[in-house]
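In this note's numbering, the protein residues as written are 2 to 435.
Glycine included, each C-beta is placed from N, C-alpha and C at the ideal position.
A quick note: this is a predicted structure, and the numbers were derived from the prediction, not measured.
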Amino acid sequence: MPEQAAGQGSGYVTESSDSTPSGAARKRIVVGVGGGIAAYKSCSVIRAFTESGHHVRVIPTASALEFVGKATFEALSGNPVHTGVFTDVPQVPHVRLGQEADLVVIVPATADLMARSVVGRADDLLTATLLTARCPVMFVPAMHTEMWEHPATVANVATLRARGATVIEPASGRLTGKDAGPGRLPEPDEIVGLASLLLERPDALRRDLEGRRILVSAGGTREPLDPVRFLGNRSSGKQGYALARLAVQRGAQVTLVSGYTAGLADPAAVDMVHVRTADDMQVAVAKNAPGVEVVIMAAAVADFRPSTSAASKIKKGAGEPDAITLTKNEDILAGLVQSRRHGEIPSSTVIVGFAAETGDAEGDVLTYARAKLLRKGCDLLVVNAVGEGKAFEVDHNDGWLLGSDGSESALEHGSKALMASRVLDAVGELIRIR
Ligand SMILES: Cc1cc2nc3c(=O)[nH]c(=O)nc-3n(C[C@H](O)[C@H](O)[C@H](O)COP(=O)(O)O)c2cc1C
């Protein structure tokens, strides 16, 4: 879509600060806001898009303005805000905003708004925009569990998905009142991450893993030395969480066994198992693996633990230890492959490992990774070169995907969400041929 300067008929204001992306990276995003209690969370989403340099037009429904004022949306987006089709008529916004958009995100999508969209109503600016948009459209529903599970809503969601729209799985948790259940809006960061992925790969949230059962491990383990200290590692959990988040939105039932992370929120609609040590993680993975079709071991599991863990804090002075002796932890990935070989988990289970490697005088990263794939016996190995600010703690990643069939492909540099989508593509291929 060509860039248009402000004042040339575009519905968007185009100025932005120096730190923002330019050219193709700057997208035109319509944020539709439905009249639900979660409408206030759309403000964080709008802000994240504008701070990333995108052009944002907010189109609330009349009900949405009962929850958040028009001035807030105008100030956050830097653009005028209307609900009806009879404002600014010479600019024909009811046609142009949809036609010009690179992405439409509806947050929150109410039951009513999805129903109106399914029947093709165009009685306000937002529904008219939904009819004219030819870009990816992402509905982020939020409503009470009863509304979400009602056959009418279930059918509407299926229809929207069948027409090519993305409908995000809601989170479970506290709803408007005291009740809890599925229907909660995912966290704004999660919405922005999924929307950004759609901008990069319009088919990234297709439902090709519908009904598949996937176990993902993520984060780092902590091996206690005493009640205060531990041996840990720099894993942020971001890659594993990106995999779990995306697998759910591609239709899978996901269990995420998580060690410690950089304060990441639980992804929407994922069954969480929180663990502390490598031993805990081994137990949780062994318990859940027999019931799944795919295990993705993205966690940074400690290879060693202190041989003893003191019951009280180790003090300085007399009796202080000279050294820490270490004991090897069980290799969870290799153990899974053994279990598959011995029939303790189904022979069709797809097992994916992660390797963080550095090269040295003896060999480069890929040489070590190939040897690791052979040693572990898993089906796929995702390889990251670590060091120099790469892989750990950062939001971007790159690497290689090695298959036990000898296949090798480069994973180009991109967001961890993009990496996750490439890995799930490969996983999807393997499931299909098993
Ligand atoms: C306090 C309050 C909270 C509401 N929260 C929701 C909600 O979370 N999800 C939803 O689908 N409807 C919710 N509704 C109902 C919608 O506001 C109603 O269906 C309205 O017609 C939606 O209009 P819209 O889809 O055009 O925005 C709520 C209503 C009230 C009064």
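Q) Helix, strand or coil for residue 409 per DSSP? A) strand
Q) Under 9 angstroms between the Cβ atoms of residue 300 and residue 346? A) no
Q. Is the Cβ of residue 325 closer than 9 angstroms to any Cβ of chain C?
A. Protein chains in the displayed structure number just one, and chain C is not present.
Q | Test item: CB-CB of residue 154 and residue 183 under 9 angstroms | A | no
Q. Under a three-way DSSP split, which group does residue 316 fall into?
A. coil
Q) Using a Cβ-Cβ cut-off of 7 angstroms (strictly less than) and excluding sequence neighbours within five positions of residue 149, which residues of its own chain qualify? A) 142, 171, 183 and 184
(Q) Could you compute how far the alpha carbon of residue 411 sits from the alpha carbon of residue 400? (A) 6 angstroms
Q. Hey, out of 282, 312 and 372, whose CA is closest to residue 257's CA?
A. 282
**Q.** Of the residues 135, 79, 162 and 100, the one placed nearest residue 119, counting alpha carbons only
**A.** 162
Q: For the alpha helix (DSSP H) containing residue 73, list its first residue and its last residue.
A: 71-78
Q.
Given a cut-off of 9 angstroms on the beta-carbon distance, is the pair residue 298 and residue 352 in contact?
A. yes
Q: Tell me residue 307's beta-bridge partners as DSSP assigns them.
A: 327
**Q.** Closer than 8 angstroms: residue 113 CB and nearest ligand 1 heavy atom
**A.** yes
Q: Could you name the residues of the same chain whose beta carbon sits closer than 6 angstroms to that of residue 360, not counting the 5 residues immediately before and after it, in chain order?
A: 366
Q) Got a sec? Which residues, its chain only, sit under 8 angstroms from residue 208 by beta carbon, not counting five neighbours each side? A) 162, 251 and 252
Q) Relative to the alpha-carbon of residue 80, which residue among 60, 67 and 87 has its alpha-carbon at the smallest distance? A) 60
Q) Closer than 8 angstroms: is that where the CB of residue 162 sits relative to any heavy atom of ligand 1? A) no
Q. Are the stretch 45-57 and the stretch 26-35 touching by the rule of at least three beta carbon pairs closer than 8 angstroms?
A. yes
Q) Does the stretch 220-228 come close enough to the stretch 193-203 that 3 or more CB-CB pairs lie under 8 angstroms? A) no
Q: Indicate the three-state DSSP secondary structure (helix, strand or coil) for residue 355 in the structure shown.
A: strand
Q.
For ligand 1, I want to know if residue 1 counts as a neighbour, meaning its beta carbon is within less than 8 angstroms of at least one of the ligand's heavy atoms.
A. Summary: the structure shown does not reach residue 1, with the chain confined to residues 2 through 435, and so no result is reported for it.
Q: Grab me the residues of residue 47's own chain with a C-beta within less than 8 angstroms of its C-beta, minus the 5 sequence neighbours each way, in chain order.
A: 32, 57, 59, 74, 77 and 78
Q. Mind checking whether residue 139 and residue 106 have CB atoms under 9 angstroms apart?
A. yes
Q.
Among 90, 92, 326 and 415, whose alpha-carbon lies nearest the alpha-carbon of residue 1?
A. For residue 1 there is no data in the structure shown, the boundaries of the chain being 2 and 435.
(Q) For the alpha helix (DSSP H) containing residue 194, name the first residue and the last one. (A) 189-201
Q | Classification of residue 417 by the beta-carbon crowding that lies within 10 angstroms, buried from 16 upward | A | buried
Q. So residue 314 and residue 187 are in contact, right, with Cβ under 8 angstroms, and what is the actual spacing, rounded?
A. The Cβ separation is near 40 angstroms, so there is no contact.
Q | Per-residue burial, residue 247 [other beta carbons within 10 Å of its own, 16 or more giving buried] | A | buried
Q) By Cβ distance below 6 angstroms, which residues in the same chain neighbour residue 34 in space, the five residues on each side in sequence not counted? A) 40, 43, 61 and 65
Q: Could you tell me which residues DSSP pairs with residue 260 in its beta bridges?
A: Residue 260 is not bridged to any residue.
Q. Straight-line CA distance for residue 135 to residue 214?
A. 32 angstroms
Q) Just reading off the beta strand (DSSP E) that residue 59 is part of, what are its end residues? A) 56-61
Q) What is the residue span of the alpha helix (DSSP H) that residue 95 lies within? A) 94-101
Q. Quick one, are the C-beta atoms of residue 378 and residue 338 less than 9 angstroms apart?
A. yes
Q) Are the CB atoms of residue 98 and residue 128 nearer to each other than 9 angstroms? A) no
Q: Enumerate in chain order the residues of its own chain whose CB-to-CB distance from residue 311 is below 6 angstroms, with the five nearest sequence positions on each side excluded.
A: 227
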